[in-house]
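Peer 1: Quick note: the sequence shown uses this note's numbering, first residue 236, plus one each step.
First the structure, then my questions, so here it is.
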Amino acid sequence: MGAGDGRFALGGRYASYEGLEIDKGRRPLAELPSNAAIHYKCAFVHDDNGYAACIGNPPYVRHHDLNKTWRDLIAKRLGDETGQQLNRKCNLYVYFLFLALLKSRSDGLVSALVPYEWVSRPSASSLRAFIDANKWHVDTYRFTEPVFDGVLTTASISVIDKRKRDGQWCYFQLAANGDLAECGQVTGASGKILPYDDRGRLWAMRGMSPGTQKVFTLTEGQRVHAGLKHEDVLPCVTSLREVPPDLSHLTHTAFRKRFIDAGKRCWLIKSHSDTISERLQAYLDHVPKKQRNTTTCTLRDLWYRFSLADVPGLLISTGFTSFGPKVLVNSVGAHAVGSVCGVHSDSNIGFSRVREYLTRIDFEKRVVPHAKQLKKVEIRQLNAVLNSFSQWEVRDA
Ligand SMILES: C[S@@+](CC[C@H](N)C(=O)[O-])C[C@H]1O[C@@H](n2cnc3c(N)ncnc32)[C@H](O)[C@@H]1O
Numbered sequence: 236m237g238a239g240d241g242r243f244a245l246g247g248r249y250a251s252y253e254g255l256e257i258d259k260g261r262r263p264l265a266e267l268p269s270n271a272a273i274h275y276k277c278a279f280v281h282d283d284n285g286y287a288a289c290i291g292n293p294p295y296v297r298h299h300d301l302n303k304t305w306r307d308l309i310a311k312r313l314g315d316e317t318g319q320q321l322n323r324k325c326n327l328y329v330y331f332l333f334l335a336l337l338k339s340r341s342d343g344l345v346s347a348l349v350p351y352e353w354v355s356r357p358s359a360s361s362l363r364a365f366i367d368a369n370k371w372h373v374d375t376y377r378f379t380e381p382v383f384d385g386v387l388t389t390a391s392i393s394v395i396d397k398r399k400r401d402g403q404w405c406y407f408q409l410a411a412n413g414d415l416a417e418c419g420q421v422t423g424a425s426g427k428i429l430p431y432d433d434r435g436r437l438w439a440m441r442g443m444s445p446g447t448q449k450v451f452t453l454t455e456g457q458r459v460h461a462g463l464k465h466e467d468v469l470p471c472v473t474s475l476r477e478v479p480p481d482l483s484h485l486t487h488t489a490f491r492k493r494f495i496d497a498g499k500r501c502w503l504i505k506s507h508s509d510t511i512s513e514r515l516q517a518y519l520d521h522v523p524k525k526q527r528n529t530t531t532c533t534l535r536d537l538w539y540r541f542s543l544a545d546v547p548g549l550l551i552s553t554g555f556t557s558f559g560p561k562v563l564v565n566s567v568g569a570h571a572v573g574s575v576c577g578v579h580s581d582s583n584i585g586f587s588r589v590r591e592y593l594t595r596i597d598f599e600k601r602v603v604p605h606a607k608q609l610k611k612v613e614i615r616q617l618n619a620v621l622n623s624f625s626q627w628e629v630r631d632a
């Protein structure tokens, strides 16, 4: 499925191989054996099924980039055939895995090169539920080295064996030299994966996406150069990369040192406002069309009018490399933008205590690695952690 030039047809022992490839421009390899053929059509309109094995390196396409009508049609069809409610936010490769499970015979095998995250992401939960309902056996081999250039996700070879009906999920790590190691847990470490939860009285909210950071967030130099005054901007944080892990409070002094003087994007323009100063309007009028040609901007009546989120009590970098994310008590009232998320509360909570609680948790052991070095904690996982804060306070007191 998504056969490309048919390279997966080389080397195997089989009676016949049928490749499905939508792109007529991907010509078959000259050395394709005579019992292998490639059909140029969409895998989802191919009628045949009952295959002994369905294999592939399906395309990875995020849900925003899929044609909505096509996506809904396919999701409904796969849902009807599997009895599962597909999450419309899943990546295209999840639809391909569903299709492979439907097209392989009842004792067949599905093997695909897909991002490892499908074993834990909520958007793929219907796929896991379908596999669990049938008690099929799953082996996932997570590559410990990046195998695709420029793809910021950990790849895996995932094998679903319909013959073995033991309902087991086995997780392996696969090194570049071919060495295999079995890991007990999906995280590849000793901890159980963090659960996902809804908002409680303390909650995490993803960083704002005002449009494009290039236009909406400025460095101090860019602010001055654009002739904008402090009343035209709000403090913001787009990355905590340069902040030392032991810095606990983003005070005015720290903000000046780490963000303003360090030339970081630290000013969010106040283009959300009903009243825009002449200076800011002049800046907006001079933004080249090409720069503001983002989906977010083009969908708005006024391309620059974003909705401003509340100032969070804590700033957290969702990506981290070891132990846990950086957490800062937000003493400057900075807005969280992009991959920096915020923690909010509906009561007068002491955020220093929440920071203390969060920075003691070994997140590294409890999340699925995102890429070789990079780990990422999801917003709903932070919510699950935050929902246990009050229990921790009682215990720790
Ligand atoms: C990641 S590439 C893998 C190609 C090949 N297996 C390889 O390893 O080189 C995914 C392939 O899926 C094809 N594709 C995308 N959508 C498809 C569809 N609906 N039906 C069939 N092929 C599709 C793309 O054209 C592309 O060639």
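Here a beta-carbon is modelled for each residue, glycine too, at the ideal position from N, C-alpha and C.
Values in this document were obtained by computation on a predicted structure and should not be read as measured data.
Under 8 Å: does the beta carbon of Lys338 sit that close to some heavy atom of ligand 1?
Peer 2: The answer is no for Lys338.
Peer 1: Is Phe279 a contact residue of ligand 1, with contact defined as CB to any heavy atom under 8 Å?
Peer 2: Yes.
Peer 1: Would you say the beta carbon of Ala271 comes nearer than 8 Å to a heavy atom of ligand 1?
Peer 2: Result no, Cβ not under 8 Å from ligand 1.
Peer 1: Measuring CA to CA, which of Thr529, Gly343, Ser361 is closest to Phe451?
Peer 2: Answer by Cα proximity: Thr529.
Peer 1: Pick out whichever of Phe624, Gly413, Pro470 has its Cα sitting closest to the Cα of Thr587.
Peer 2: It is worth fixing the name first, because residue 587 is Ser in this sequence and not Thr. Answer by Cα proximity: Phe624.
Peer 1: Starting from Pro470, follow its DSSP beta bridges and name the residues at the other end.
Peer 2: Its beta-bridge partners are Trp502.
Peer 1: Measuring straight from C-alpha to C-alpha, what distance separates Glu380 and Asp536?
Peer 2: If you take the alpha carbons of Glu380 and Asp536, they lie about 44 Å apart.
Peer 1: According to DSSP, which residues form a beta bridge with Val629?
Peer 2: For Val629, which the question treats as bridged, DSSP gives no partner whatsoever.
Peer 1: Could you give the first and the last residue of the continuous alpha helix (DSSP H) run that contains Leu617?
Peer 2: Here the alpha helix (DSSP H) through Leu617 covers 614-621.
Peer 1: Give me whichever residues DSSP pairs with Pro604 in a beta bridge.
Peer 2: Lys610.
Peer 1: Assign Cys277 to one of two classes, buried (16 or more other C-beta atoms within 10 Å of its C-beta) or exposed (fewer than that).
Peer 2: With fewer than 16 Cβ atoms within 10 Å of its Cβ, Cys277 is classed as exposed.
Peer 1: What are the partner residues of Asp374, as DSSP defines its beta bridges?
Peer 2: DSSP output for Asp374 lists Val394, Cys405 as bridge partner(s).
Peer 1: Report the residue ranges of all beta strand (DSSP E) runs contained in full by the region 303-379; include only those spanning at least 3 residues, in chain order.
Peer 2: For the region 303-379, whole beta strand (DSSP E) runs of length 3 or above, ordered along the chain, are 339-350, 372-378.
Peer 1: What is the rounded straight-line gap between the Cα of Phe333 and the Cα of Lys524?
Peer 2: C-alpha separation (whole angstroms): 41 Å.
Peer 1: With H, G and I counted as helix, E and B as strand and the rest as coil, what does DSSP make of Leu515?
Peer 2: It is helical.
Peer 1: Using beta-carbon positions only, say whether Ser391 and Pro357 come within less than 9 Å of one another.
Peer 2: No, they are not a contact pair.
Peer 1: Runs of 4 residues minimum, wholly inside the region 437-489: which ones carry the alpha helix (DSSP H) assignment?
Peer 2: Runs found: 448-451, 455-460.
Peer 1: Would you say Met440 touches ligand 1, meaning its beta carbon is less than 8 Å from a heavy atom?
Peer 2: Outside the cutoff, so no.
Peer 1: How about Leu332: is its Cβ closer than 8 Å to a heavy atom in ligand 1?
Peer 2: False, no ligand heavy atom lies under 8 Å from that Cβ.
Peer 1: Looking at the secondary structure, which residues open and close the alpha helix (DSSP H) in which Glu266 lies?
Peer 2: Where Glu266 is concerned, there is no enclosing alpha helix (DSSP H), given that its DSSP letter is neither H nor E.
Peer 1: Spatial neighbours of Ile551 within its chain, please: C-beta separation below 6 Å, excluding the five flanking residues on both sides.
Peer 2: Answer for Ile551: Pro560, Val562, Cys576, listed in chain order.
Peer 1: What residue from Leu437, Trp305, Trp371, Val578 has the CA that sits closest to Gly343's CA?
Peer 2: Closest by alpha carbon: Trp371.
Peer 1: Which whole runs of the beta strand (DSSP E) in the region 522-609 are 3 residues long or more, in chain order?
Peer 2: Whole beta strand (DSSP E) segments, 3+ residues: 549-552, 562-565, 575-580.
Peer 1: Taking only three categories from DSSP, how would you classify His299?
Peer 2: If DSSP states are grouped into helix, strand and coil, His299 belongs with the helices.
Peer 1: Candidates Asp374, Lys399, Ile395: which alpha carbon is nearest Glu636's?
Peer 2: The chain is shown only over 236 to 632; residue 636 falls outside these bounds and no answer can be derived.
Peer 1: Do Gly446 and Cys532 count as a contact pair if the criterion is CB distance below 9 Å?
Peer 2: Yes, the Cβ-Cβ distance between Cys532 and Gly446 is below 9 Å.
Peer 1: Regarding Pro263 and ligand 1, is the C-beta to nearest heavy atom distance less than 8 Å?
Peer 2: Pro263 Cβ: outside cutoff for every heavy atom of ligand 1.
Peer 1: Mind checking which residues open and close the beta strand (DSSP E) that includes Ile257?
Peer 2: Here Ile257 belongs to no beta strand (DSSP E), and DSSP marks it neither H nor E.
Peer 1: In the DSSP output, what is Gly291 paired with across the bridge?
Peer 2: In DSSP, Gly291 forms a bridge with Ala347.
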